[in-house]
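A.B. asks:
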Amino acid sequence: MRYFDSHCHVQFDAYDADRAEVFAAMQDAQVGGILVGTDRTTSKLAVHYADGKTLFASVGLHPNDKPQEGYDDAYYEALAKDPKVVAIGECGLDFFRPENPEAEKARQKDVFARHIELAAKVDKPLMIHARPSKGSMDAYLDAYEMLKDAKAKYGDRLQGTMHFYVGDIETTKLYLELGFTFSYTAVLTFTHDYDDVVRFIPRANLLSETDAPYVAPAPNRGKRNDPLAVRSVVSAMAVIRGEDEETIREALLTNAKRAFRLG
Ligand SMILES: [Zn+2]
Numbered sequence: 037m038r039y040f041d042s043h044c045h046v047q048f049d050a051y052d053a054d055r056a057e058v059f060a061a062m063q064d065a066q067v068g069g070i071l072v073g074t075d076r077t078t079s080k081l082a083v084h085y086a087d088g089k090t091l092f093a094s095v096g097l098h099p100n101d102k103p104q105e106g107y108d109d110a111y112y113e114a115l116a117k118d119p120k121v122v123a124i125g126e127c128g129l130d131f132f133r134p135e136n137p138e139a140e141k142a143r144q145k146d147v148f149a150r151h152i153e154l155a156a157k158v159d160k161p162l163m164i165h166a167r168p169s170k171g172s173m174d175a176y177l178d179a180y181e182m183l184k185d186a187k188a189k190y191g192d193r194l195q196g197t198m199h200f201y202v203g204d205i206e207t208t209k210l211y212l213e214l215g216f217t218f219s220y221t222a223v224l225t226f227t228h229d230y231d232d233v234v235r236f237i238p239r240a241n242l243l244s245e246t247d248a249p250y251v252a253p254a255p256n257r258g259k260r261n262d263p264l265a266v267r268s269v270v271s272a273m274a275v276i277r278g279e280d281e282e283t284i285r286e287a288l289l290t291n292a293k294r295a296f297r298l299g
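Each step along the sequence shown adds one to the number in the numbering used here, with nothing skipped, and position 93 is 129.
(1) Considering only heavy atoms of ligand 1, list every residue whose Cβ is less than 6 Å from one of them, following chain order.
(2) For H84 and G73, I'd like the C-alpha separation in whole angstroms.
(3) Does the stretch 78-98 come into contact with the stretch 39-55, if we say contact requires no fewer than three beta-carbon pairs (one atom in each stretch) closer than 8 Å?
(4) DSSP beta-bridge partners for E167?
(5) Quick one: is A188 buried, meaning 16 or more other Cβ sit within 10 Å of its Cβ, or exposed?
(6) For A156, does the count of other Cβ atoms within 10 angstroms reach 16, so buried, or fall short, so exposed?
(7) Could you tell me the alpha carbon to alpha carbon distance between I284 and G88, rounded to whole angstroms?
(8) Taking the alpha helix (DSSP H) that A22 belongs to, which residues open and close that run?
(9) By the three-class DSSP mapping on this structure, what secondary structure does D185 have?
(10) Name, in chain order, the residues that DSSP records as bridge partners for H199.
(11) Kindly indicate the opening and closing residues of the alpha helix (DSSP H) around Y85.
(12) Here's a check: name, in chain order, each residue in its chain whose Cβ is nearer than 6 Å to the Cβ of P103, leaving out the five neighbours to either side.
(13) Does DSSP put H43 in a helix, a strand or coil?
(14) Can you tell me the Cα-Cα spacing of E138 and H165, whole angstroms?
(15) Considering just the uninterrupted stretch of the alpha helix (DSSP H) at T208, what are its terminal residues?
(16) Is DSSP giving V251 helix, strand or coil here?
(17) Tell me whether the beta-carbon of T197 lies closer than 9 Å to the beta-carbon of P161.
(18) Tell me, please, which residues DSSP counts as bridged to V121.
(19) Is the beta carbon of H43 closer than 9 Å to that of H199?
(20) Assuming V266 and V58 are in contact, meaning their beta carbons sit under 8 Å apart, how far apart are those beta carbons, in whole angstroms?
(21) Could you tell me the distance, in whole angstroms, from the CA atom of N256 to the CA atom of L264?
(22) Check whether the Cβ atoms of E279 and M273 lie closer than 9 Å to each other.
(23) Quick one: complete beta strand (DSSP E) runs, 3+ long, within the stretch 217-282?
(24) To the nearest angstrom, report how far apart G203 and Q63 are at their CA atoms.
(25) For G191, does the three-state DSSP call read helix, strand or coil?
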């Protein structure tokens, strides 16, 4: 592997017509990655398509993609024990558009707490989706309170990655205290909103991802994305940090291997 896409969804319907070609193109370009589940079906499919060599799986229930689907502890625990599963999630808190804020926040916190317990039990890192409400860092701060308590209880068995990270420097300091990693998408190719934070995070705590099929890089914005775009994320990160692209590419691969304990 030369590149690692820490968070993508090639098991989604969006790839039904050409999934084999996408996987073959990843092989050719030496791009490895994690297929991330967002519910029962896509978690099971992630494990199905993972090969445990360059393609891995993460299993969990997204905080609000499918609010009507309850979290089933036994179902996810059975999947989580598969050796191809290298993370638990995506799970977390999404306060971007809560319809019934208090009840919804309580529901999300309950489901997130159960993912945290599972991650500690199977000793695999959390793949965290935290999205604050507009103009605030609320989801990051609430998630941190839960994770800080879990860290005190579980110690090193509690690890995690902040996927699609949009936090500021203050929230970054909190998550660095926990020893977490921060994953960036191709958003870096079309906005400079995160440049200061990307420069602030120690190189050893950075990861690259695409969140494909979402968030294609410039100049393909709006089109279906794919994991090969992780190369654009690496270039953008190198430019923002003023570092050599090869150095950052190698660091991101090493970080992913460490964070997800890949053979
Ligand atoms: Zn995702």
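Glycine included, each C-beta is placed from N, C-alpha and C at the ideal position.
C.D. replies: Checking against the coordinates, here is how it stands:
(1) H43, H45, V72, E126, D247
(2) Taking the sequence shown and counting its residues from 1, the one referred to as residue 84 is at position 48. Taking the sequence shown and counting its residues from 1, the one referred to as residue 73 is at position 37. Spanning the two alpha carbons is a distance of roughly 11 Å.
(3) yes
(4) For the purposes of this step, residue 167 is taken as residue 131 along the sequence shown, with counting starting at 1. Per the sequence shown, the amino acid found at residue 167 is Arg instead of Glu. Beta-bridge pairing links R167 to D130.
(5) The count along the sequence shown starts at 1 and reaches residue 188 at position 152. Classification of A188: exposed, given that the 10 Å Cβ count is below 16.
(6) Translated into the one-based positions of the sequence shown, residue 156 becomes position 120. The residue in question, A156, is buried, as its Cβ has 16 or more Cβ neighbours within 10 Å.
(7) What you label residue 284 is simply residue 248 of the sequence shown in a count that begins at 1. What you label residue 88 is simply residue 52 of the sequence shown in a count that begins at 1. Approximately 24 Å between the Cα atoms of the pair.
(8) No answer is possible for residue 22: the residues shown for the chain start at 37 and end at 299.
(9) Here residue 185 is taken as the residue at index 149 of the sequence shown, counted from 1. Here D185 sits in helix by DSSP.
(10) In the sequence shown, residue 199 corresponds to position 163, counting from 1. Bridge partners of H199: H165.
(11) On the sequence shown, position 49 is the one that residue 85 refers to. 76-85 is the extent of the alpha helix (DSSP H) around Y85.
(12) Counting from 1 along the sequence shown, the entry for residue 103 is found at position 67. If we look at P103 and ignore the five residues flanking it on each side, it has no Cβ neighbours.
(13) Your numbering for residue 43 matches position 7 in the sequence shown. It is a strand residue.
(14) Mapped onto the sequence shown, residue 138 falls at position 102. Mapped onto the sequence shown, residue 165 falls at position 129. So the two alpha carbons sit approximately 19 Å from each other.
(15) For the purposes of this step, residue 208 is identified with residue 172 of the sequence shown, where counting begins at 1. Where T208 is concerned, the enclosing alpha helix (DSSP H) stretches over 205-213.
(16) Along the sequence shown, one-based indexing puts residue 251 at 215. Reduced to three states, the DSSP call for V251 is coil.
(17) Position 161 of the sequence shown holds residue 197. Position 125 of the sequence shown holds residue 161. Contact: yes.
(18) Here residue 121 refers to the residue found at position 85 when the sequence shown is read from its first residue. Partner(s): A93.
(19) Counting from 1 along the sequence shown, the entry for residue 199 is found at position 163. Counting from 1 along the sequence shown, the entry for residue 43 is found at position 7. Taking 9 Å as the Cβ cut-off, H199 and H43 qualify as a contacting pair.
(20) Here residue 266 is taken as the residue at index 230 of the sequence shown, counted from 1. Here residue 58 is taken as the residue at index 22 of the sequence shown, counted from 1. With a Cβ gap of about 13 Å, V266 and V58 do not count as contacting.
(21) Counted from its first residue, the sequence shown places residue 256 at position 220. Counted from its first residue, the sequence shown places residue 264 at position 228. The alpha-carbon atoms of N256 and L264 are separated by roughly 13 Å.
(22) The sequence position of residue 279 within the sequence shown is 243, counting from 1. The sequence position of residue 273 within the sequence shown is 237, counting from 1. Yes, the pair counts as a contact, with Cβ atoms nearer than the cut-off.
(23) 217-220, 242-244
(24) Your numbering for residue 203 matches position 167 in the sequence shown. Your numbering for residue 63 matches position 27 in the sequence shown. Near 32 Å, if we compare the C-alpha coordinates of Q63 and G203.
(25) Within the sequence shown, the letter at position 155 stands for residue 191. G191 falls in the helix class under three-state DSSP.
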